[in-house]
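For reference, the structure is listed below as structure tokens.
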Amino acid sequence: MPSSNTQHWNPAQYREHARFVSDLGMPVVDWLDPRPGERILDLGCGDGALSLKLVDRGCEVVGVDASADMIAAAQGLGLDARVLDGQSLAFDDEFDAVFSNAALHWMKAPERVIAGVWRALKPGGRFVGEFGGHGNVAVIVAALGSALAARGMAVPNPWYFPRPEEYQKRLESHGFEVARLDLIPRPTLLPGDVGGWLETFAQPYTAALPRAERRDFIAGLVEALRGPLCDANGDWWADYVRLRFSATKPDAA
Ligand code: BEZ
């Protein structure tokens with residue numbers, strides 16, 4: 048997760064509006080298939096909820112995240128968690144696996160991420176992750192763009208949501224062998240209306256507005272998105288599309 052001028056992570060807000068992110072991360076843990084004694088890097092560990100699951104499986108886990116507040120929360124769980132931008136990893140040949148859930152889309156320089164992961168892994172090590180793929184939250188992104196355009200403003204998409212072919216090519220051009228890579232539409236039930244999601248995740252957009260206008264901006268978006276995202280029971284669904292992959296740094300590398 049980035050810690051930038053425009054996106055700030057508040058662990059309490061995250062727990063309220065985004066607990067589903069780690070709750071829905073277990074399929075990625077299954078793909079990782081962590082074994083006791085393995086040393087694993089959790090890239091973009093956030094508040095450490097999934098790092099803890101890996102520790103529970105007997106792994107030695109290092110969590111890294113660009114947000115000092117989220118790292119403080121992870122350290123509060125007793126984890127080895129360090130403030131580090133995933134685009135500037137500085138580990139050499141020391142991990143059996145690099146794991147990442149719902150973080151890579153915040154890192155707009157994928158070449159740097161993949162190069163750092165490659166360096167961090169031992170030969171034979173695995174890179175297993177999931178993040179937003181092509182089309183992820185497209186309805187929300189379009190609504191944000193329209194609402195800003197109506198104010199004569201524009202914000203470039205702050206997220207990296209690649210097509211599967213593109214990401215596979217990037218991994219392979221670094222030397223990874225890709226075992227699986229799937230694009231998975233996964234409409235995701237939100238704990239409240241989309242306003243909570245926007246407050247938690249869409250700060251790169253809302254930060255473009257004067258602080259006093261942000262509440263109305265979000266309220267307008269909630270109304271604009273009610274048709275596409277709220278069902279007949281009043282439940283709100285974000286139009287998530289996941290890109291899940293498993294790749295290996297070959298033994299001979
Ligand atoms: C995601 O997990 O797909 C996501 C979260 C926040 C912003 C954009 C995408």
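Note that our numbering has the sequence shown beginning at 48, numbered continuously upward.
Glycine included, each C-beta is placed from N, C-alpha and C at the ideal position.
Computed from a prediction, not measured in an experiment: that's the story for all the values here.
By the criterion of a C-beta distance shorter than 8 Å, Val186 is surrounded in its chain by Leu272, Pro275, Leu276, Asp286, once the five residues flanking it on both sides are discounted.
Shown here, Ser114 sits in coil according to DSSP, grouped into three states, outside any helix or strand. Judged by DSSP secondary structure, Ala167 falls within the alpha helix (DSSP H) whose first and last residues are 157-167. With fewer than three CB-CB distances shorter than 8 Å, the stretch 76-87 does not count as touching the stretch 150-157.
Around Arg173, the same chain offers Ala144, Thr295 as residues with beta carbons nearer than 6 Å, after the five sequence neighbours per side are excluded.
DSSP places Val241 in the helix class (H, G or I) of the three-state scheme. Closest in C-alpha terms to Pro205, from the list Leu90, Trp165, Tyr252, comes Tyr252. Phe142 is not a Cβ neighbour of Leu101, given a cutoff of 9 Å.
If you draw a straight line from the Cα of Asn280 to the Cα of Val184, it is about 21 Å long. When rounded, the separation of the alpha-carbon atoms in Asp278 and Pro83 is 43 Å. Leu191 counts as buried, since at least 16 other C-beta atoms from the protein chains shown sit within 10 angstroms of its C-beta. Nearest to His152 by alpha-carbon distance, out of Phe67, Gly133, Val111, is Gly133. Residue range 96-103 is occupied by the alpha helix (DSSP H) that includes Val102.
When secondary structure is reduced to three states using DSSP, Val184 falls in the coil class, being assigned neither helix nor strand. Within 8 Å of the C-beta of Asn183 there is at least one heavy atom belonging to the ligand BEZ. For Ala266, the enclosing alpha helix (DSSP H) stretches over residues 258-276. In the DSSP assignment, Gly281 is bridged to no other residue.
The Cβ atoms of Val225 and Phe292 lie closer than 9 Å to each other. Its chain contains Ser293 as the residues whose beta carbon lies nearer than 6 Å to that of Arg227, once the 5 sequence neighbours on both sides are disregarded; these appear in chain order. Within 8 Å of the C-beta of His221 there is not a single heavy atom belonging to the ligand BEZ. Taking the CA atoms as reference points, Ala255 sits about 43 Å from Glu85.
Put simply, of Leu88, Asp282, Phe264, Val175 the residue whose alpha carbon is nearest the alpha carbon of Met200 is Phe264. Spatial neighbours of Val108 in its own chain (CB-CB distance under 7 Å, excluding positions within 5 residues in sequence) are listed in chain order as Ile87, Asp89, Ser98, Leu101, Val102, Leu126, Asp127.
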